[in-house]
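Heads up: the sequence lines are chains A and B, in that order. Just so we're aligned, residue 21 is where the first sequence starts under our numbering, counting upward by one. Just so we're aligned, residue 21 is where the second sequence starts under our numbering, counting upward by one. The block underneath contains the structure these notes are about, expressed in structure tokens.
Protein chains: 2
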Amino acid sequence: MTLEAQISQIMNHSREAFLTYQDCSGKVKKTFLYTVASEIEALGDELLETAAAETNLPVLRFAGERERTCNVFRMFGNLVGEGSWVDAVIDHRDADRKPVHRPEMRKMLIALGPIVVFGASNFPLAYATPGGDTASALAAGCTVVVKGHPLHPKTSRLIAGAFRNALLKNRLPDHIFQLVESDSFEAGKLLTQHDATAGVGFTGSLNGGNAILKYAQQRTAPIPVFAEMGSINPVVLLPDSLRQHGKAWATSFADSVTIGVGQFCTKPGIQLLVKSPESDDYIQCLAESLAQKKVYRMLSEGIRNNYLEGLNRTLQQKGVSLVYSKTNDAYLNAELAIAKVKGDIFEDNPQLHKEIFGPFSLIVECSNMEQLVEILRRLNGQLTTTIIGTDTDLHQHRNVVSKARNIAGRIVFNGTPTGVEVANATVHGGQYPATTDPRFTSVGMDAIKRWVRPVCFQECPDHLLPEELQENNPLGIWRKVDGEFVR
Amino acid sequence: MTLEAQISQIMNHSREAFLTYQDCSGKVKKTFLYTVASEIEALGDELLETAAAETNLPVLRFAGERERTCNVFRMFGNLVGEGSWVDAVIDHRDADRKPVHRPEMRKMLIALGPIVVFGASNFPLAYATPGGDTASALAAGCTVVVKGHPLHPKTSRLIAGAFRNALLKNRLPDHIFQLVESDSFEAGKLLTQHDATAGVGFTGSLNGGNAILKYAQQRTAPIPVFAEMGSINPVVLLPDSLRQHGKAWATSFADSVTIGVGQFCTKPGIQLLVKSPESDDYIQCLAESLAQKKVYRMLSEGIRNNYLEGLNRTLQQKGVSLVYSKTNDAYLNAELAIAKVKGDIFEDNPQLHKEIFGPFSLIVECSNMEQLVEILRRLNGQLTTTIIGTDTDLHQHRNVVSKARNIAGRIVFNGTPTGVEVANATVHGGQYPATTDPRFTSVGMDAIKRWVRPVCFQECPDHLLPEELQENNPLGIWRKVDGEFVR
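Here it is in structure tokens:
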């Protein structure tokens, strides 16, 4: 069979399975998602060791990533088991309205259809085959086809087995979840462009995300594409905080720059501060903290080469000076590095605004707060912006907050951007190039909103309505009825 | 100044005005939107007469359309004045969680930026310069640049004056609303592709919507485009209803096909029924009802030519037979027409699945319910699907409802699809080719969701939070706090 015929068969199976799965109740989906979590846990140490071997990351890291991943499946299970996520809205009939009566209208969110997921290299569990895109799409009632990442095929295969078992145990159609193993770009293109595909989720590089978006744009019928492509996650270190807590923040940011060998989409790529004796101390403390860190292997040769190229290109830019670096010649090892540059030079050089995926951070020394704020204002879209400041700082520099809000999906105060909490209020999104659509998030419960559409029933007899919209609210969910939330 | 320089200046002004307008409170926006409504009303008969002269539609129609339009501005005013529309979500800190505490996260919706609006020809008020796209974007806190429709320049200019007065009276920046008058495609392209443009709303033809989408896809930074492009709005007439109420429905659908000279995006373009003596009676009654109607002028020569071409192409298709037609030679007058075709022929001819914008409807005579359901299942995306059935019908043919749900944004029971109610639960959307993104609606209060993005504040001091997210809820809005709706 040709690749095209294979992909076509897979997507047609997905469409067929969707016709069954879209009508499953929230309770059925909850049980299924919980079973997925148990089946992933049942893979035991083999999963952790396989993921570690395929990524060069420590086994212990995958104990944590597995826990997070299984939590996410259970949280989405709870969300759809409870049911209020469908945003039911009911406007009752107004028979007395003139000149014509107001009809009764009831609406809720329903699943889009088969979703194609492209996972990330750096989180083979939390952001890949069993990641948030897959979990949120399955929770919505969509079927999922994952294009497995070529850097961790064995991990993906183990996970696919867990899905197969979970579907079998819940007597659900096999094709609700399918894994495509292929390292050709053609497979990604065919998946994105197939007639049955109703949406695409992507986590990875800017180049990768742009390519998938282009494939989608070649379709006759447009479909939603949500690509999360990382960013440089600016950190603003305000003067009083540097004075009072500079050393402690240097320790925190040395951790944040190097966690996962810097291979996090929320890694702080630039740090903005006003040059002063305190800022010099901070930079020195950051270098000393980095000196305590070990050098580790990166995910792959390609990723390491990209990192070193990006790093060297940055270091060769006019006005950029290396502050500290640590490396060794061992296979795939990543150079830890920080560099600095003056604000006006940074501002004028777009090369320095690009993400460098690895344990590197660039300190931007501004001549004053006006320059710092202007640099922040002119940055591209970001997943996060972090503001480090004492009460005094924050009272004095409120305008930093409004600038941060205009460029980022999440604004972190006195913390590090790495480590994205999965909650109702999470936003892991932002304007391009952080993502392809700033109106959505790929982490947190609202990630489900990417894969659903509203449908409105006008003057529909009660017995034909989905339970979510029936007058007596049999599911006991929160609904907006005539403008008020009631349950 | 070149066109490019002009457009660039306009969009840069819009971006600058946005920096002020985005921070206006809900109350300020409400007052502004109410003033817009009053200023439109203050234009008096001149507006109605101008719109009538530019569209060949009766003055009386514009009294109604003006009322609807002003209502929409006041409804959006009420929405943002009340404030709960920002979907505030708060997850409190959990200091005891192991291994690390859960941070406090608060999120809400904020405005995207300058929005470009392309209005429709057929509703110079409700779906054009002062239409739902403009009203919802301004309510969100976005600035708006309208590309005026070349068929009603004078109406647009009057409306622009009303906006100018409303801005002046509220001491808001002029450039919150701008009108671009140009009949060149190049202007639309430049507006869509300008760097400052954060989103596009379009209402019009499939060709027009596709062109705008293509322009947007050529941008480096993708932006949301919501194009509402109409559909054929299938009507399913079930057997018992035809038997019992066929004549009454024939009267209703003769009205629905001809209202606004058939120039409605929700006009019932096809009517599906199972051939029987009752269906023959229905068709005859429909023809008789049409015979009572007058023939009116269409919006323009171009629209009339397109209509006649589409109508003639349909009538020339194999198996299509004209049931009734009424016409005259007067300038721009539209031929009223209905035709019929057998189900199997309709199913195989995609030409018959295209929208024909004008007072024409095609009756599809199916050999049985299975064929009817299969035709419905295979239709393209639709704004609406209408189901006409008695209790007996609906009990017997429940599967019609699930098929309708899978293809349409709104399902109307025992009513006509024309006349879109503006309410909380309204969905005026649907899968392509009805729109470019089935996740949104262009009518109803949720139309505002197209122009906003979530932003999350993590561990933000209370005094730096927007009022919507402050702990003591000073605005008294509905919020989801730790998973529960409270006010």
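Every residue, glycine too, gets a C-beta built ideally from N, C-alpha and C.
Residue contact with chain B for A:C90: absent (no Cβ-Cβ distance below 8 Å to any residue of chain B). Residue B:Q478 holds the alpha-carbon nearest to the alpha-carbon of A:N434 among B:L145, B:Q478 and B:T75. A buried status is given to A:F138, since no fewer than 16 other beta-carbon atoms sit within 10 Å of its beta-carbon.
About 6 Å separates the CB atoms of B:I232 and B:T212; that is less than 8 Å, so the two are in contact.
Close to chain A, meaning a Cβ-Cβ distance shorter than 8 Å, is no residue of the segment 343-377 of chain B at all. A:T334 is positioned such that its CB atom lies closer than 8 Å to that of A:A359. In this structure, DSSP gives B:R418 a state outside helix and strand, which the three-state scheme calls coil. With its beta carbon less than 8 Å from one in chain B, A:D111 belongs to the interface.
Within the DSSP secondary-structure output, A:P144 pairs in no beta bridge. Taking CB atoms only, B:P144 has no neighbour in chain A less than 8 Å away.
Annotated three-state conformation of A:Q336 is helix, per DSSP. For A:L129, the enclosing beta strand (DSSP E) stretches over residues M125 to A131. In this structure, B:K234 lies away from B:E74, with their beta-carbon atoms at least 8 Å apart.
Shown here for A:L310: same chain residues with a beta carbon closer than 6 Å to its own, the five before and five after excluded, namely A274, Y344 and L356 in chain order.
Annotated three-state conformation of A:R507 is coil, per DSSP. Around A:N434, the beta-carbon contacts reaching into chain B at under 7 Å are E479. Chain A places a beta carbon closer than 8 Å to that of B:V447, counting this residue as a contact. The segment 490-502 of chain A and the segment 463-481 of chain B do not touch, with fewer than 3 CB-CB distances between them shorter than 8 Å. Within chain B, the residues D111 and M125 have their CB atoms less than 7 Å from the CB of A:A443, given in chain order. In this structure, the beta-carbon distance from B:S34 to B:P134 falls below 8 Å.
Residue environment for A:F205: exposed (fewer than 16 other C-beta atoms within 10 angstroms of its C-beta). With contacts defined as CB atoms closer than 8 Å, B:G103 and B:L495 qualify as a contacting pair. Flagged as an interface residue toward chain B: A:F505, by a C-beta distance shorter than 8 Å. Listed along the chain, the chain B residues whose CB falls inside 8 Å of the CB of A:D457 are P242 and P244. Nearest CB-CB separation between A:T461 and chain B: below the 8 Å threshold. Leaving aside the five residues that flank A:N388 on each side, the residues in its chain whose CB is nearer than 7 Å to its CB run, in chain order, V294. Beta-bridge pairing by DSSP links B:G221 to B:V137 and B:F246.
Boundaries of the beta strand (DSSP E) harbouring A:V343: S341 to K346, taken from the DSSP string. When Cβ-Cβ separations below 8 Å define contact, B:C476 makes contact with chain A. Annotation: A:C386 is outside any alpha helix (DSSP H); the continuous beta strand (DSSP E) that includes it extends over F380 to C386. Interface with chain B (8 Å Cβ-Cβ cutoff): A:V472 is included. Following the DSSP letters along the chain, one finds B:T404 inside the beta strand (DSSP E) bounded by residues Q402 to I408. Looking only at A:N76, A:W498, A:R324 and A:G208, the smallest Cα-Cα distance to A:I376 is reached by A:R324. Residues of chain B with a Cβ closer than 8 Å to the Cβ of A:Q237 are, in chain order, Q237.
Contact note: A:G429 reaches chain B through R473, P474, V475 and C476, using a C-beta cutoff of 8 Å and chain order. Given a length threshold of 3 residues, each whole run of the beta strand (DSSP E) inside the segment 168-211 of chain B is given here in chain order: 197-200.
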